[in-house]
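Mind the numbering: the sequence shown is residues 1 to 155 in the numbering used here, read in order.
For glycine and all other residues, C-beta sits at the position ideal for the given N, C-alpha and C.
The structure displayed is predicted, hence computed values, not measured ones.
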Amino acid sequence: MVMSYQGARVAPSKQPEKQQISVKDHMATNLISFSPEETIEEVIRKLTEANISGGPVVGKDNQLLGIISEGDCLKALMGEKYHNQPSIGLTVKDCMVTKVIHIAPELDLFEVAKMFLERRVRRFPVLDKEGKVIGQISQKDVIMAMNGIKGQTWH
Numbered sequence: 001m002v003m004s005y006q007g008a009r010v011a012p013s014k015q016p017e018k019q020q021i022s023v024k025d026h027m028a029t030n031l032i033s034f035s036p037e038e039t040i041e042e043v044i045r046k047l048t049e050a051n052i053s054g055g056p057v058v059g060k061d062n063q064l065l066g067i068i069s070e071g072d073c074l075k076a077l078m079g080e081k082y083h084n085q086p087s088i089g090l091t092v093k094d095c096m097v098t099k100v101i102h103i104a105p106e107l108d109l110f111e112v113a114k115m116f117l118e119r120r121v122r123r124f125p126v127l128d129k130e131g132k133v134i135g136q137i138s139q140k141d142v143i144m145a146m147n148g149i150k151g152q153t154w155h
C-alpha cells in the first residue's frame, strides 16, 4: 500500500501589490539653475555655496538649454591657469554641455538606475510635457530611494 502525504493544504498567499516608484516621488524640485550669460566665476561661487556639483542651464520660460557642472568649470579654469592667461570672461554658454539626456517625471526609478549605469552621468533633468525643467534626479536620490524599498515592491 502506497500512501502519499502532501501536507496541509494552504491557500496561496497574495503577494504584496507591486507599486511603481517614479521619478516624481524622489526628484529634487528646489533647484539652483543657471543662465547662459552667467560667468564661470558666478557658477563656481553658486556651486560651492550650495555644495552641489552642477545644475540645469535654463532659458526663458524655464526651457532646458544644457547642464553646467564642476567638471565643465574645471576645464575652463585649467585652460586659463595652465596657459597662464587671465580670465577671459567665459560664460556658461561657452562651457555647458548642450546634448543633455532628460527624463519624464513618470519614469520608473528602476529604469533611471539602469540609465545611470549605462550613461555614466550624475544627474538627469526632469522635464514636463512642455519641455520646462520641473526637477532633477541624481544618483544619490536614486540610491536613497532604493535603500528604503523592500525587495518585493519592484515590478
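Which of the three DSSP states is assigned to residue i in this structure?
i, result
"Val-43", "helix"
"Asp-94", "helix"
"Pro-20", "The displayed chain sequence assigns Gln, not Pro, to residue 20. Coil."
"Ala-28", "strand"
"Gln-6", "Since pLDDT at Gln-6 reaches only 44, below the 50 mark, its modelled position is unreliable, and the value read off the structure follows with that caveat. Looking at Gln-6 - three-state DSSP - the assignment turns out to be coil, as it is neither helix nor strand."
If contacts are defined as beta-carbon pairs under 8 angstroms, then residue i and residue j qualify, I think. What distance do you get, rounded to the angstrom?
i, j, result
"Arg-23", "Ile-143", "At residue 23 the sequence reads Val, which differs from the Arg that was named. Not quite, the Cβ-Cβ distance comes to about 14 angstroms (not below 8 angstroms), so this is no contact."
"Glu-38", "Gly-54", "Not a contact, Cβ separation roughly 13 angstroms."
"Val-92", "Val-57", "6 angstroms"
"Ala-113", "Met-146", "7 angstroms"
"Met-76", "Ile-32", "The question names Met, but residue 76 is Ala in the sequence shown. With 8 angstroms as the limit, Ala-76 and Ile-32 do not qualify as a contact, their Cβ atoms being about 18 angstroms apart."
"Val-133", "Leu-64", "5 angstroms"
In this structure, what does DSSP give as the bridge partners for residue i?
i, result
"Pro-56", "Ile-67"
"Ile-103", "Val-126"
"Phe-34", "Val-57"
"Asp-72", "Answer is none; Asp-72 lacks a bridge partner."
Runs of 3 residues minimum, wholly inside the segment 115 to 153: which ones carry the beta strand (DSSP E) assignment?
123 to 127 and 133 to 138
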